[in-house]
Amino acid sequence: MPARITACYPDKPARESVLFEDSHYQVGRDLDCEVRLNHPSVSRKHAFVTAKGEQWFLKDSLSANGVKINGQKVDDQQLSSNDIISLGDIDCLFELKSKQQLEAIDAHNHWRIQQSRKSYNELAHQSLLEALDEQLYSLLNLTGTQRGLVMLGNSPENLTVCASKGMTQKDFHTRSFEGSVGAMQKALQQRSPVLAMDVKLEHALASRESIQRKQIAALACIPLLSGNNLVGVVYTDSKEANKVLTELDLEILNLVSEQIKINSEAIVLQNEISAILSDIPEHIFAEKQPIKEQILAVH
-17 MPARITACYP
-7 DKPARESVLF
3 EDSHYQVGRD
13 LDCEVRLNHP
23 SVSRKHAFVT
33 AKGEQWFLKD
43 SLSANGVKIN
53 GQKVDDQQLS
63 SNDIISLGDI
73 DCLFELKSKQ
83 QLEAIDAHNH
93 WRIQQSRKSY
103 NELAHQSLLE
113 ALDEQLYSLL
123 NLTGTQRGLV
133 MLGNSPENLT
143 VCASKGMTQK
153 DFHTRSFEGS
163 VGAMQKALQQ
173 RSPVLAMDVK
183 LEHALASRES
193 IQRKQIAALA
203 CIPLLSGNNL
213 VGVVYTDSKE
223 ANKVLTELDL
233 EILNLVSEQI
243 KINSEAIVLQ
253 NEISAILSDI
263 PEHIFAEKQP
273 IKEQILAVH
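Letter by letter, the sequence shown follows residues -17 to 281 of my numbering.
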């Protein structure tokens, strides 16, 4: 019977590997390992996973940090579905999956990607803010996270909440912000996505009051950039203890965030046009009223 191993890293997306029967897999840090775990606590050739008939077995390859199954150190042991394999500091969930289950998972993942690539034009008939709200809902639904928000602005100091799910706009302006301001600051400083699992253990974030109060288990923060210019930021998190964000979730986050960025640029442009129109004296428009009507009709 096929199997799946999900390697959970503390500071990056979980990695899934599918194992097929009548096969032999080297697990470790080396590039030539069939199941590669890129972490310094994992040995280059850490362990073997082997299928013998309908059964799977795990064997330590004289690794530096050893192998544990469900917290017990082992050298050579048969695996059962839902076992937790610990290789160094990396915990891996081992699951038996039928071919039909793997095909269903693959089809569902394909659907998730297709949904995240839905054309922005499909939302064009809605107002821009309604579209932003719909995109945020899609992001939460496709990644399985519980809460999120989209903030727009051209600098960290003037970000404004424009869409939120599972939290109110008021919450962001209080000391006990339900999400993590620290994650946002890190994403904006590095100009790159920030993902964290079990963030209570993340040194840079654990001291935040929001983390301590809400016990956030997984979070992601994606800066929205137009060239080198900041447009806004997308934030999402989950309080479920077993929630992990995988490489597929990161791909979906990036795809949906790209759509949100396009929508955000349109909102910024709309605001700029509105500001320009409000600064033009009314007597100028009195002479060229049709031109004003045409400009306003654009948005």
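Glycine included, each C-beta is placed from N, C-alpha and C at the ideal position.
Checklist entry - Which class does GLU229 belong to by DSSP, given the choice of helix, strand or coil? => result Note: GLU229 maps to helix in three-state DSSP.
Item to check | Inter-residue spacing [alpha-carbon to alpha-carbon] between LEU1 and ALA(-15) | outcome: C-alpha separation (whole angstroms): 5 Å.
Checklist entry - Got a sec, what are the start and stop residues for the alpha helix (DSSP H) ARG94 sits in? => result Run containing ARG94: 81 to 98, per the alpha helix (DSSP H) assignment.
Item to check | Span of the beta strand (DSSP E), counted from its first residue to its last, around THR142 | outcome: THR142: member of the beta strand (DSSP E) spanning 142 to 147, first to last residue.
Checklist entry - How about LEU121 and ILE234: do their beta carbons lie closer than 9 Å? => result The answer is yes: Cβ separation under 9 Å.
Next on the checklist: For a test of the three-state rule: what should DSSP assign to GLU36, helix, strand or coil?
Outcome noted: Secondary structure of GLU36 (DSSP, three-state): coil.
Checklist entry - Would THR127 be called buried (16 or more neighbouring beta carbons within 10 Å of its own) or exposed? => result Here THR127 is buried: its Cβ has 16 or more other Cβ atoms, across all protein chains shown, within 10 Å.
Checklist entry - Okay, do the region 212 to 227 and the region 161 to 175 touch, 3+ Cβ pairs below 8 Å being the bar? => result Touching, per the Cβ criterion.
Checklist entry - From the DSSP output, which residues share a beta bridge with TYR7? => result For TYR7, which the question treats as bridged, DSSP gives the partners VAL31.
Item to check | Residue environment, ALA200, which counts as buried when at least 16 other CB atoms sit within 10 Å | outcome: Classification of ALA200: buried, given that the 10 Å Cβ count is 16 or more.
Checklist entry - Which stretch, first to last residue, makes up the alpha helix (DSSP H) that contains ASP73? => result Not the alpha helix (DSSP H): ASP73 falls in the beta strand (DSSP E), residues 72 to 78.
Item to check | Buried or exposed by the 16-neighbour rule on C-beta atoms within 10 Å, applied to ILE(-4) | outcome: Before going on, a small fix: residue -4 reads as Ala here, not Ile. Flag for ALA(-4) reads buried.
Item to check | Rounded separation between ASN211 and SER246 - CA only | outcome: Roughly 12 Å between the two C-alpha positions.
Checklist entry - What's the call for ASP42, buried or exposed, on a 16-neighbour Cβ count within 10 Å? => result With a 10 Å radius around the Cβ and a threshold of 16 neighbouring Cβ atoms, ASP42 comes out buried.
Checklist entry - Based on the DSSP output, what are the partners of LYS41 in its beta bridges? => result Partner(s): PHE30, ASP58.
Checklist entry - In three-state DSSP terms, what is GLU(-2)? => result Residue state for GLU(-2) is assigned as strand, using DSSP reduced to three classes.
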